[in-house]
Amino acid sequence: MVSAAPPRLGRLSPLTVLCAAVVIAVTTTALNSWAVSAGVLLGLAVLLASVGLGRKVLPAAAVIMVPFGLSLLLTHGLFFPEGRSVLWTFGPARVTAEGLFFAASMGLRTAVFVVVFLAFSFHVQPADLMALLTKYRTPPQLGFVLCSALTIAPAIAARARRVAQAQQARGLVTGSGLRGRLAAVREQAVPLVLALLHEAGSRADSLEARGFGGRSRRTSYREVTDSRAQQVFRTMLLAALLAFLVFWYGAR
Amino acid sequence: MSSSSSLTLPAPGQADRRVRRLLEILGALAIAGTYLYLVLAQPADITNGLSSGSTLLALSGFLLGVVLLILGILPTLPTSTLVLIPVALVLNIVLGQFVGSTLVPFYLDAIGTVLIAVLAGPAAGAATGALSSIVWSLFNPTVLPFAAGAALIGFLAGLAARYGLFRRFYLAPVAGFVTGIFAGVFSAPIAAFVYGGTSGVATGAIVGAFRAMGDSLLTAITKQALLSDPMDKAIVFTVVAVLVYALPRRSTLRFPFVRRFRVLAGAKSS
């Protein structure tokens, strides 16, 4: 979704990838074991690297997981009042084996969640998402908002650059200190928001003129890759997940 | 821009409206039920690891509620409001991602949501908040469980605008502060049961400090949220107030919600 490149997980339907992502995330969370999470993470890294998605997904996941991991280490690694096996103390900080173990398990579990859903994001294209939402008859407004948000960012960035350049051409100079900086931000933010409101107004008129508010069933020019075999696979996958959850929590 | 419904297409029927209202009620019940269960029924002891059942319950309950709310609210919004939502989402995500990567214990990820809520009302605010988290989760999946909290912020901001708290400039940060208290108390169990902590380094340090004083995980995260969220939302509400008052009157008065409830000072209803 983030790139305009074609899907990289073969000819898998986005729904199949989403289904697999949900099953992996839910199963790993339910098992709640650091060893399982680490194994799944390793398996995912190998799989994504083999299909050429590793270079995109893994750095993106690292950007999210590094601050998250640091936060967990700060919270549980240094301060874990419930911990008994103290490894090191320094002032109020008390590193315990239980705290480090807890931080590692939560971090690994969250890393699996992040990697599988990022893999889905990099696999699906906004146009496919729109076609799928149309096919399954969700409100057309949902497809518009999701796909518009995913594709509008470059246009907003370009508009923000133009506003900044225009203000600089009129003599905008960022003053020193907090007050000067805030004034400069205001000088750029107000025209930007005003332009975005104005453009949104024109877009609303165009959409209305083309029957956007109508309730009749939509059709889509775009066909999303799917097959009977994938549909059966998805059903079986979800049924297996349900059976696993009933067994796992029922047995406790 | 000012059109609230199509002039050429038939208006939705009574049955449609009833179904949407039902979806909204079910969504709100799913969110409230999940929250109450998490707070009332879960043990605070984490020495043996957090219960995976409560994590899955938090994820599925809040997500189901948010999806039902979106399906109920979106079709009722006028196109003029709908086209603003993607703009608000981009504002939220860009600012939130930027601030989240700094060492400031704030988020500033709700400016777009609060802007829509002030211009278009509580329902539009709630839908924008929820959708914002869903779209953001495509780039950063860790924000997905907080979608219900984002919807609550949008809803409360819309209520504040509806009852005139943006008519006096000094009342906007007060409304933001109060919204932040609700948002903090609401999001703390999600952070605790889903992630066992917070995602930012600065917020993590604050949680760590409370843990060092012997607080349970849920208490420490709630206290951190009560330190960060009210101040964060007071800043966000103030920024939005500055923004809407700096916009030309003709731009803000295009929104039926602003005219009908006289949201801004001097904006007489027409």
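Protein chains in written order, with numbering that gives the first Met the number 0: chain P, 0 to 251; chain E, 0 to 269. We put the beta carbon where it would ideally sit given N, CA and C, even for glycine. Fair warning: this is a prediction, and the values are worked out from it, not measured in the lab.
Just to confirm, is the Cβ distance from residue i to residue j under 8 angstroms?
i        : j        : result
E/Gln223 : E/Thr251 : no
P/Ala190 : P/Val223 : It should be pointed out that residue 190 of chain P corresponds to Pro in this sequence rather than to Ala. For P/Pro190 and P/Val223, no; Cβs fall outside 8 angstroms.
P/Leu52  : P/Ala110 : no
E/Val262 : E/Phe154 : no
P/Ala20  : P/Ala156 : no
E/Thr178 : E/Ala147 : no
E/Ser53  : E/Phe145 : no
P/Phe243 : P/Thr26  : yes
E/Ile180 : E/Thr197 : no
E/Phe256 : E/Gly120 : yes
P/Phe211 : E/Thr78  : yes
P/Gly68  : P/Gly82  : no
E/Phe185 : E/Tyr34  : yes
E/Ser51  : P/Ala29  : yes
E/Val113 : E/Ala156 : yes
P/Leu312 : P/Val22  : Since the first and last residues shown for chain P are 0 and 251, residue 312 of chain P lies out of range.
E/Ile189 : E/Ala126 : no
P/Arg217 : P/Thr133 : yes
E/Ala182 : E/Asp228 : yes
E/Ala150 : E/Val65  : yes
P/Ala252 : E/Val82  : The structure shown does not extend to residue 252 of chain P, since chain P is modelled only from 0 through 251, so no value can be given for it.
E/Gly213 : P/Pro139 : no
E/Tyr36  : E/Leu21  : no
P/Met105 : E/Gly195 : yes
Kindly indicate which three-state DSSP category residue i falls into: helix, strand or coil?
i        : result
P/Val85  : strand
E/Arg19  : helix
E/Phe181 : helix
E/Ser268 : Reliability of the predicted coordinates at E/Ser268 is poor, the pLDDT of 48 falling under 50, and the value obtained from them is presented with this limitation in mind. Here E/Ser268 sits in coil by DSSP.
P/Gly212 : coil
P/Ala3   : Any answer about P/Ala3 is weak, because its pLDDT of 45 lies below 50 and its placement is not dependable; what the coordinates show is given next. In the structure shown, P/Ala3 sits in coil (DSSP, three-state: anything other than H, G, I, E or B).
P/Glu222 : coil
P/Arg136 : coil
E/Gly71  : helix
E/Asn139 : coil
P/Pro190 : helix
E/Val238 : helix
E/Tyr36  : helix
E/Thr221 : helix
P/Phe119 : helix
P/Gly179 : helix
E/Pro172 : helix
E/Phe192 : helix
Since residue i is in the beta strand (DSSP E), which residue starts that stretch and which ends it?
i       : result
P/Thr95 : Ala92 to Thr95
The alpha helix (DSSP H) that contains residue i, what's its start and end?
i        : result
E/Thr112 : Ile110 to Ala119
E/Asp214 : Run containing E/Asp214: none; DSSP gives neither H nor E here.
P/Gln164 : Pro139 to Ala168
P/Leu43  : Trp33 to Ser49
E/Phe154 : Ala146 to Arg161
P/Tyr248 : Arg227 to Gly249
P/Gly68  : Gly53 to Leu71
P/Val25  : Pro13 to Leu30
E/Val257 : Pro255 to Arg259
E/Ser50  : Per DSSP, E/Ser50 belongs to no alpha helix (DSSP H) and is neither H nor E.
P/Arg10  : Where P/Arg10 is concerned, there is no enclosing alpha helix (DSSP H), given that its DSSP letter is neither H nor E.
E/Arg248 : Arg248 to Thr251
E/Thr78  : Thr78 to Leu81
Can you give the beta carbon distance from residue i to residue j, rounded, assuming they're within the 8 angstroms contact cut?
i        : j        : result
P/Val192 : E/Leu242 : 6 angstroms
E/Gly32  : E/Gly60  : 7 angstroms
P/Leu128 : P/Pro13  : 7 angstroms
E/Phe138 : E/Met230 : Not really, about 26 angstroms apart at Cβ, beyond 8 angstroms.
E/Pro85  : P/Val144 : 6 angstroms
E/Leu68  : E/Gly26  : 4 angstroms
E/Ala240 : E/Phe168 : 6 angstroms
P/Phe78  : E/Gly207 : 5 angstroms
P/Val113 : P/Ala60  : 5 angstroms
P/Pro91  : E/Ala211 : 5 angstroms
Note down, in chain order, each residue of its chain lying with its Cβ closer than 6 angstroms to the Cβ of residue i, except the 5 sequence neighbours on either side.
i        : result
P/Arg221 : Ala126 and Ala130
P/Ala102 : Leu71, Leu72, His75 and Gly76
P/Ser36  : Thr27, Leu107, Arg108 and Val111
P/His197 : none
E/Ala123 : Leu76, Thr80 and Ile115
P/Phe246 : none
P/Glu186 : Gln166 and Leu171
P/Gln229 : Ser12 and Thr15
P/Ser2   : Note that P/Ser2 has pLDDT 45, beneath the 50 cutoff, so the model's placement of it is unreliable and the number below is only indicative. Excluding residues within five positions, none has a Cβ falling inside 6 angstroms.
Return the chain-ordered list of same chain residues with a C-beta closer than 7 angstroms to the C-beta of residue i, the five sequence neighbours on each side being excluded.
i       : result
P/Ala44 : Gly53 and Leu57
How about residue i: is its C-beta nearer than 8 angstroms to some C-beta of chain C?
i        : result
E/Gly213 : Among the chains of the structure shown, chain C does not appear; the protein chains present are P and E.
Looking only at its chain, what residues have a beta carbon closer than 8 angstroms to the beta carbon of residue i, apart from the 5 residues adjacent to it on each side?
i        : result
P/Phe116 : Ala20 and Ala24
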